[in-house]
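Numbering (this note's numbering), first residue to last: 1 to 178. One structure below.
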């Protein structure tokens with residue numbers, strides 16, 4: 001699993017980039033493991049044309065994974081099943097399915113669909129919980145990071161999700177599958 005690729009969706013990449021925290025993803029997940037698909041690349045670069053600079057941090061640290069013919073076939077199959085998901089999510093799920101990669105997303109519908117396809121999924125709350133449970137960051141540092149993300153991204157986090165992140169229960173494994 002140490003070399004397993006992790007596809008990170010646009011939403012999480014932009015959250016971490018907006019608060020200057022891309023290095024946290026690289027350190028915690030493994031810089032050589034994190035990738036984005038071409039569709040995620042297109043989504044993350046769109047704000048550049050409106051003068052936003054945060055995507056440059058993503059582009060500097062997250063390589064674009066090439067899509068093989070097998071991945072494209074999987075993408076077409078998935079699109080037929082769930083065309084309501086965005087191109088970025090579907091490409092990520094197709095890549096993960098074909099390559100045995102993990103998928104890190106904050107999109108509840110995409111997480112559920114990816115799990116239904118047999119893909120290991122990591123939610124934002126599981127990632128944030130993992131940062132402090134592993135000792136990479138303190139709980140207070142993770143709280144401060146989430147507050148910065150909430151402010152920068154206008155992210156609303158329900159109290160039950162905060163409990164998943166900061167609670168001392170042994171539900172981290174269950175939480176990663178929500």
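Just so you know, even glycine gets a beta-carbon here, dropped at the ideal spot from N, CA and C. These numbers were taken from a predicted model, which means no experiment stands behind them.
query = Helix, strand or coil: how does DSSP classify residue 8 here?
reply = strand
task = Could you have a look at residue 121 and say whether DSSP puts it in helix, strand or coil?
result = strand
query = Taking the C-alpha atoms as reference points, what is the distance between residue 75 and residue 21?
reply = 30 Å
message = Closest to residue 153 by C-alpha separation, out of 18, 8, 5, 7, would be which residue?
response = 18
query = If we ignore side chains and look at the alpha-carbon of each, how far apart do residue 172 and residue 139 end up?
reply = Note that residue 172 has pLDDT 43, beneath the 50 cutoff, so the model's placement of it is unreliable and no number is given.
request  = Check each candidate in 98, 108, 130, 103 and name the one with the smallest Cα separation from residue 34.
outcome  = 103
ask   = Of the choices 167, 15, 120, 149, whose alpha-carbon is the least far from that of residue 57?
value = 15
request  = Put residue 58 into one of helix, strand or coil per three-state DSSP.
outcome  = helix
ask   = Exposed or buried, what is residue 32 when buried is set at 16 or more other beta-carbons lying within 10 Å of its beta-carbon?
value = exposed
task = Could you check how far apart the C-beta atoms of residue 125 and residue 165 are, in whole angstroms? I think they sit under 8 Å.
result = 5 Å
message = My assumption, with CB atoms under 8 Å, is that residue 36 sits in contact with residue 6. Please give the rounded CB distance.
response = About 10 Å separates the two Cβ atoms, so there is no contact after all.
message = Taking 7 Å as the cut-off, is the beta-carbon of residue 59 closer than that to any non-hydrogen atom of the ligand ATP?
response = The ligand ATP is absent from the structure shown, which contains no ligands of any kind.
inquiry  = Just to check my reading of the structure: residue 91 and residue 24 have Cβ atoms closer than 8 Å, yes? What is that Cβ distance to the nearest angstrom?
reply    = No, residue 91 and residue 24 are not in contact; Cβ-Cβ is about 24 Å, not under 8 Å.
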